[in-house]
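Quick notes on the structure that follows.
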């Protein structure tokens, strides 16, 4: 079973669809706890107590959880993830919150009400360096595979070769590449686009130092795989 860490706004939804469609739905999802740092890093007792059943049935475990959540329980499983250019990832998450955030969350309200811009958003602890926090506890080089969003199809084909996944290769052939997954709610089409400048991007990078290094190492790893 692959343990697949979906860092927000890194093509994890597209990856989940591919895994779901090619595994006869033998994919276990773990979403909904990402706003609780303890929950996102602590394996549920019912999963821990039935790990052999989980391993025997599911081909993939995929969701918004940190590496530390399953590092011990599924220590022998291959751990994989997807990364993205840090500034682009932050901007994408900012726009997602702007369009369809949860007003019960203070930071989301601040974005939706125009109280903070994308640069201020990048300063939040688990935003600017989100990729580093999700992967914390294991060096980038020791992950079993890391997809790079900007080279997603290339990454997928390397993954298929490395892990012998002809079903995914065939699936990509059906769509002549990676299928498009629309994550935007219909209501988002009515909202004006936020203006984000090149100056904003440069400022965002200042708050993503750890993620910049993660991204660099991940790209190097992909090329050497």
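Numbering (our numbering), first residue to last: 1 to 225.
Idealized CB from N, CA, C, for every residue including glycine.
Fair warning: this is a prediction, and the values are worked out from it, not measured in the lab.
Contact set for residue i: own chain, Cβ-Cβ below 6 Å, skip 5 residues either direction
i	result
residue 64	6, 31 and 34
residue 20	27
residue 233	Since the first and last residues shown for the chain are 1 and 225, residue 233 lies out of range.
residue 123	207
8 Å contact criterion, which residue i and residue j should meet: CB distance rounded
i	j	result
residue 97	residue 128	Incorrect: roughly 14 Å between the Cβ atoms, too far for contact.
residue 133	residue 66	7 Å
residue 86	residue 212	6 Å
residue 15	residue 4	7 Å
Under 8 Å between C-beta atoms of residue i and residue j
i	j	result
residue 60	residue 27	yes
residue 11	residue 131	no
residue 73	residue 204	no
residue 40	residue 214	no
residue 146	residue 156	no
residue 111	residue 218	no
residue 151	residue 222	yes
residue 178	residue 153	yes
DSSP-derived helix/strand/coil call for residue i
i	result
residue 56	helix
residue 66	coil
residue 188	Low confidence applies here, because residue 188 scores a pLDDT of 49, under 50, leaving its location unreliable and the question unanswered by this model.
residue 44	coil
residue 80	strand
Buried or exposed (CB count within 10 angstroms, at least 16 for buried), residue i
i	result
residue 70	buried
residue 44	exposed
residue 216	exposed
residue 53	exposed
residue 161	exposed
residue 75	exposed
Residues near residue i by beta carbon distance below 8 Å, same chain, minus five either side
i	result
residue 105	35
Spatial neighbours of residue i in its chain, beta-carbon cut-off 7 Å, leaving aside the 5 residues before and after
i	result
residue 196	91 and 118
Short CB-CB distance (under 8 Å) between residue i and chain C
i	result
residue 178	Any reference to chain C falls outside this structure, which holds one protein chain only.
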